[in-house]
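Chains as they are written, first to last, in our numbering: chain A, 19 to 184; chain B, 13 to 270.
And the structure:
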């Protein structure tokens, strides 16, 4: 094992972020963990990757840490540790524009930007990711993962997942 | 475990963190008992997800408790290797699930109270508590909303759902007062801006509960003789029956990992 690095330079930081951009979310593999907004960044000294959970009890957290570890090791950063950070808490506003487009293409209605300030109850109806209709309805406030709710489209009659505005 | 003395701030903080973590842990464990048994798939998902959020909170609070205690115990050690008398959760969360209406009654009372508690704790002078609270408050707002929706739906539903909702609430009213009890252990923490003055949360709770009951066309909140003791380790027999399956594996196979 190479000696521990005291600090990272800009080039190393870019290489790390590029490696992490290739790590898919384990439960929604169409989006990377960087576009999902749970990589808070790289701390240069002492070196660390800062990761924040979407939900406190999200069971994907362990899988994400394992995937990040693998990506770092393969990129040559075996001695750069992963640290969990809670503050500021993750909200859906941390999802990138590209991430929102990827979710929509995958069939998951992304939250509109700025939606974290609202609750789902008061939010506008979700846009059906399949036909684009706004004539949609919540079926269940909780879905297949902690971050999603179940909705259905009243125009094309397809059910879909909606990222909770959070 | 000896009762911590209020004159030792770290012991008081440890105890306070156990109270926060154990509430979430025990209710989270209770909710997992519904997994695969709930009335509909959507409800099954809801209860499991709420349980997951609560167990996530518990992991964080108990993790900090272990750091404060400084004896090398982590969240798992505290969850799996303490006996019932060392748990500091309120009696409300250890109540058996009963039917769906009784589970919803417990969830609604707990989440409504916990939401106010965590809102207060999100500005705690203890940074680690504030960060967890700030994170969890958004999840708990969802829990409280969901439970209140069901109270209205069942209370203002059919004759049968209404009867069950009333029964479910009647089971739990006697455990509500304990939620608002402070004690000598917490007082110095309240004065230091670390803990929330529990009694101060009561008026807001009563107003919220009253409004939901009215929307649900249910009778006003009852105030029977309260039952307390969970915060100092005096639990009902239900807690041991909950802990037995939860703690069996790590005790039978010490050091087992996935």
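The C-beta atom is built at its ideal place from N, Cα and C for all residues, glycine as well. Since the structure is predicted, the reported quantities are computational estimates derived from the model, not experimental observations.
Which partner residues of residue i appear in the DSSP bridge assignment?
{"i": "residue 179 (chain A)", "result": "A:126, A:168"}
{"i": "residue 147 (chain A)", "result": "Paired residue(s): none; residue 147 (chain A) is not in a bridge."}
{"i": "residue 100 (chain A)", "result": "A:67"}
{"i": "residue 42 (chain A)", "result": "A:50"}
Starting from residue i and walking both ways along the alpha helix (DSSP H), at which residues does that stretch end?
{"i": "residue 239 (chain A)", "result": "In this structure chain A extends from 19 to 184, so residue 239 (chain A) is not present and cannot be described."}
{"i": "residue 119 (chain B)", "result": "112-133"}
{"i": "residue 92 (chain B)", "result": "87-92"}
{"i": "residue 250 (chain B)", "result": "249-264"}
{"i": "residue 217 (chain B)", "result": "214-227"}
{"i": "residue 80 (chain A)", "result": "78-92"}
{"i": "residue 165 (chain B)", "result": "139-167"}
{"i": "residue 202 (chain B)", "result": "199-203"}
Within the same chain, show all residues whose beta-carbon is closer than 6 Å to that of residue i, passing over the 5 residues directly before and after it, in chain order.
{"i": "residue 132 (chain B)", "result": "208"}
{"i": "residue 168 (chain A)", "result": "157, 158, 161"}
{"i": "residue 45 (chain A)", "result": "78, 163"}
{"i": "residue 235 (chain B)", "result": "none"}
{"i": "residue 253 (chain B)", "result": "none"}
{"i": "residue 71 (chain A)", "result": "79"}
{"i": "residue 214 (chain B)", "result": "192"}
{"i": "residue 65 (chain A)", "result": "23, 26, 98"}
Could you pull the start and end residues of the beta strand (DSSP E) that residue i belongs to?
{"i": "residue 154 (chain A)", "result": "154-158"}
{"i": "residue 68 (chain A)", "result": "66-69"}
{"i": "residue 69 (chain B)", "result": "Premise fails: residue 69 (chain B) lies in the alpha helix (DSSP H), 53-81, not in any beta strand (DSSP E)."}
Apart from the five residues on each side of it in sequence, which residues of its chain come closer than 8 Å, Cβ to Cβ, to residue i?
{"i": "residue 31 (chain A)", "result": "60, 62"}
{"i": "residue 28 (chain A)", "result": "none"}
{"i": "residue 140 (chain A)", "result": "In this prediction, residue 140 (chain A) has a pLDDT of 47, which is less than 50 and means its spatial position is unreliable; what the coordinates show is noted afterwards. Around residue 140 (chain A): no qualifying Cβ."}
{"i": "residue 125 (chain A)", "result": "147, 148, 178, 179"}
{"i": "residue 116 (chain B)", "result": "159, 162, 163, 166, 177, 180"}
{"i": "residue 50 (chain A)", "result": "38, 39, 40, 41, 42, 43, 117"}
{"i": "residue 250 (chain B)", "result": "106, 107, 108"}
{"i": "residue 58 (chain A)", "result": "68, 69, 70, 103"}
Looking only at its chain, what residues have a beta carbon closer than 7 Å to the beta carbon of residue i, apart from the 5 residues adjacent to it on each side?
{"i": "residue 85 (chain B)", "result": "78"}
{"i": "residue 130 (chain B)", "result": "145, 148, 149, 152"}
{"i": "residue 110 (chain B)", "result": "180, 183"}
{"i": "residue 54 (chain A)", "result": "43, 113, 117"}
{"i": "residue 39 (chain B)", "result": "66, 105, 122"}
{"i": "residue 2 (chain B)", "result": "What is shown of chain B runs 13 to 270, which leaves residue 2 (chain B) out entirely."}
{"i": "residue 124 (chain B)", "result": "156, 217, 220, 221"}
{"i": "residue 22 (chain B)", "result": "80"}
{"i": "residue 137 (chain B)", "result": "204, 205, 206"}
{"i": "residue 155 (chain A)", "result": "169, 170, 172"}
Reducing DSSP to helix, strand and coil, say where residue i ends up.
{"i": "residue 50 (chain A)", "result": "strand"}
{"i": "residue 209 (chain B)", "result": "coil"}
{"i": "residue 27 (chain A)", "result": "coil"}
{"i": "residue 176 (chain B)", "result": "helix"}
{"i": "residue 106 (chain B)", "result": "helix"}
{"i": "residue 163 (chain A)", "result": "coil"}
{"i": "residue 110 (chain A)", "result": "helix"}
{"i": "residue 191 (chain B)", "result": "helix"}
{"i": "residue 75 (chain A)", "result": "coil"}
{"i": "residue 243 (chain B)", "result": "helix"}
{"i": "residue 230 (chain B)", "result": "coil"}
{"i": "residue 183 (chain B)", "result": "helix"}
{"i": "residue 115 (chain A)", "result": "helix"}
{"i": "residue 40 (chain B)", "result": "helix"}
{"i": "residue 45 (chain B)", "result": "coil"}
{"i": "residue 27 (chain B)", "result": "helix"}
{"i": "residue 267 (chain B)", "result": "coil"}
{"i": "residue 33 (chain B)", "result": "helix"}
{"i": "residue 32 (chain A)", "result": "helix"}
{"i": "residue 184 (chain A)", "result": "coil"}
{"i": "residue 96 (chain B)", "result": "helix"}
{"i": "residue 50 (chain B)", "result": "coil"}
{"i": "residue 138 (chain A)", "result": "Because the pLDDT at residue 138 (chain A) is just 48, under 50, the model does not fix this residue reliably, and the value given afterwards should be weighed accordingly. Residue 138 (chain A) falls in the helix class under three-state DSSP."}
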